[in-house]
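Engineer: Quick one: structure below, then a few questions.
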Amino acid sequence: MEGLMQFTGIVIIAFGILQIILFFKVWGMTNNVKRIWKKIDNKDFLSNACISYIKGDLEETEKLANEAFLQEVALLSKSSESYEDWLNGYKELKDKYTRLFKKIDKPAPDFDKYEDPKIYLL
């Protein structure tokens, strides 16, 4: 009986140590998730394009603005509840980027090809 109590005690101590290790591992992972969500939730896709515009590199600004538009469309398709919500958000994005491309005096991308309902379903 004494051997069984000793074995049970060792097992309980081992599980206790493993739970403490697991606690700190999970804690570390939550810090990583917060950092990732800060980057995703920031939604400031145009910051690099703005920096490029300030530097005077309009070609790079156009490229970065196109990428920012596509990133925002992808984020919109993930976060929209319905196609109508997505369409309303897309129209706002279209207006925002139309103004942006007019400011940098570059041709705007073909927004109509992204208005396809298939984009929403991604």
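Residue 5 is where the sequence shown starts when you use the numbering used here, and the numbers rise one by one after that.
Backbone N, C-alpha and C fix where the C-beta goes; we use that ideal spot for every residue, glycine too.
In angstroms with no decimal places, state the Cα-to-Cα distance between I24 and A18.
Structural biologist: Position 20 of the sequence shown, counted from the start, is the residue given in the question as residue 24. Position 14 of the sequence shown, counted from the start, is the residue given in the question as residue 18. Their Cα atoms are separated by approximately 10 Å.
Engineer: Cβ of L104 within 8 Å of Cβ of A78?
Structural biologist: If you number the sequence shown from 1, residue 104 lands on position 100. If you number the sequence shown from 1, residue 78 lands on position 74. No, they are not a contact pair.
Engineer: Rounding to the nearest angstrom, what Cα-Cα distance links G60 and A72 in this structure?
Structural biologist: For this step, residue 60 is matched to residue 56 along the sequence shown. For this step, residue 72 is matched to residue 68 along the sequence shown. Going by the C-alpha atoms only, they are around 18 Å apart.
Engineer: What is the DSSP secondary structure of G60, reduced to helix, strand or coil?
Structural biologist: What you label residue 60 is simply residue 56 of the sequence shown in a count that begins at 1. Residue state, collapsed to three classes: coil.
Engineer: From the DSSP output, in three-state form, read off I14 for me.
Structural biologist: Position 10 of the sequence shown holds residue 14. DSSP places I14 in helix when its eight states are reduced to three.
Engineer: Quick check on F1: does DSSP put it in helix, strand or coil?
Structural biologist: Past the boundaries of the shown model lies residue 1; the chain is included only from 5 to 126, so the question cannot be answered.
Engineer: Can you tell me the Cβ-Cβ gap for G93 and S84, rounded? I've got them flagged as a contact below 8 Å.
Structural biologist: Along the sequence shown, one-based indexing puts residue 93 at 89. Along the sequence shown, one-based indexing puts residue 84 at 80. Correct: roughly 6 Å between the Cβ atoms.
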